[in-house]
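The structure appears below as structure tokens.
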Amino acid sequence: MVSMCFSTRYDYVEIRDGNSEKADLLGKHCSNIAPPAIISSGPVLLIRFVSDYAHQGAGFSLRYEIFKTGESDIHNGKSVHHTRQIH
Numbered sequence: 001m002v003s004m005c006f007s008t009r010y011d012y013v014e015i016r017d018g019n020s021e022k023a024d025l026l027g028k029h030c031s032n033i034a035p036p037a038i039i040s041s042g043p044v045l046l047i048r049f050v051s052d053y054a055h056q057g058a059g060f061s062l063r064y065e066i067f068k069t070g071e072s073d074i075h076n077g078k079s080v081h082h083t084r085q086i087h
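Sequential numbering from 1 applies to the sequence shown in full-length UniProt numbering.
As structure tokens, then:
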């Protein structure tokens, strides 16, 4: 688990390796510093924004990349790669 939070008293983003709140915790992030790359073990990540509701701010920004690997995913000699940014 990667954690950028020394305290979760305020807002934070929690990332889990699966589609439930019981899935393995990959990280809790609450600073304006981007965490290192987080790689899932499968096709699903749960991303949950938790707010204390007491302090208002800009929220959070998320950038993710999707990499598909393996011979069946090669198209014209290149692996499939998608990048998105959410504000």
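For each residue, glycine too, the CB sits at the ideal point set by N, CA and C.
Taking the C-alpha atoms as reference points, what is the distance between residue i and residue j?
| i | j | result |
| --- | --- | --- |
| L62 | D17 | 16 angstroms |
| E65 | A34 | 14 angstroms |
| K22 | P43 | 16 angstroms |
| G59 | P36 | 20 angstroms |
| F67 | S41 | 12 angstroms |
| Q56 | F49 | 14 angstroms |
Can you list, in chain order, the residues of its chain whose CB lies under 6 angstroms from that of residue i, leaving out five sequence neighbours each side?
| i | result |
| --- | --- |
| S51 | D11 |
By Cβ distance below 8 angstroms, which residues in the same chain neighbour residue i in space, the five residues on each side in sequence not counted?
| i | result |
| --- | --- |
| I38 | V2, I15, L26, G27, L45 |
Query - Complete beta strand (DSSP E) runs within the UniProt domain "CUB" (1–67) (minimum length 3 residues, chain order) - result: Counting only runs of 3 or more, we get 12–16, 25–29, 46–50.
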